[in-house]
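In the working numbering, the protein residues as written are 32 to 204.
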């Protein structure tokens, strides 16, 4: 008879809502029977140096229970939901292989949603196109860029606000 796979637990909520304390209570309660490893589901904690305003676990907390996806990226490099899904999926498998419980803790709901529901394959951004669009937006403004999007893709433009620069830019890319 094959052994059942070790499940994972997801603990989601806004910053400073007590997720870290709850995660440590879970880890402590399970420790005698099942080791726990925490996978951060926080878009700010992946970046090194983002210690203020992020409720990053203390050095003592980080040492007490293994943590993953904290301080893994320089702030000058983007980290996408697709990268999170790849990293988290790999970590869940590795943690399970060690016989431990993956405990996903954080408040970046986009990451949770992408992990649970999957993520659409999108082509990587072309740096030259992105630069051209940024220059055009600087000269004309995002409402004009929204109008351009409405011309080429009215369905997408209809669901985006004229000031939603990030989504307008990505749609135009």
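Glycine included, each C-beta is placed from N, C-alpha and C at the ideal position.
At least 7 Å separates the beta-carbon of residue 42 from that of residue 77.
Taking C-beta atoms as the reference points, residue 169 and residue 176 fail to come closer than 7 Å. Distance between residue 195 and residue 180, taken at the CA atoms: about 12 Å. If you look at residue 134, you'll find it in the beta strand (DSSP E) that goes 132-137.
If you ignore the 5 residues before and after residue 156, its C-beta comes within less than 8 Å of the C-beta of 201, 204, all in its own chain and listed in chain order. Sequence-distant partners of residue 119 (beyond 5 residues in either direction) whose C-beta falls short of 6 Å from its own C-beta, in its chain, are 70, 146.
Taking C-beta separations shorter than 8 Å and ignoring five residues to either side along the sequence, the partners of residue 85 in its chain run 46, 73, 75, 76, following chain order. In its chain, beyond the 5 residues on either side, 42, 50, 54, 69 have a beta carbon closer than 6 Å to the beta carbon of residue 136. Note on the stretch 36-94: whole beta strand (DSSP E) runs with a minimum of 3 residues are 40-43, 67-71, in chain order.
Taking C-beta separations shorter than 7 Å and ignoring five residues to either side along the sequence, the partners of residue 116 in its chain run 145, 146, 150, following chain order. Rounded to whole angstroms, the gap between the alpha carbons of residue 158 and residue 111 is 16 Å. For residue 90 against residue 98, the beta-carbon gap comes to about 11 Å, at or over 8 Å, which does not count as contact. Contact check for residue 108 and residue 79: beta-carbon distance about 10 Å, past the 8 Å limit, so the pair fails to qualify.
Within 10 angstroms of the beta-carbon of residue 67 lie 16 or more other beta-carbons, which makes it buried. DSSP, read as helix, strand or coil, puts residue 104 in strand. Only residues of its own chain outside the window of five on either side were considered, and among them 72, 73, 74 have a CB closer than 6 Å to the CB of residue 139, listed in chain order.
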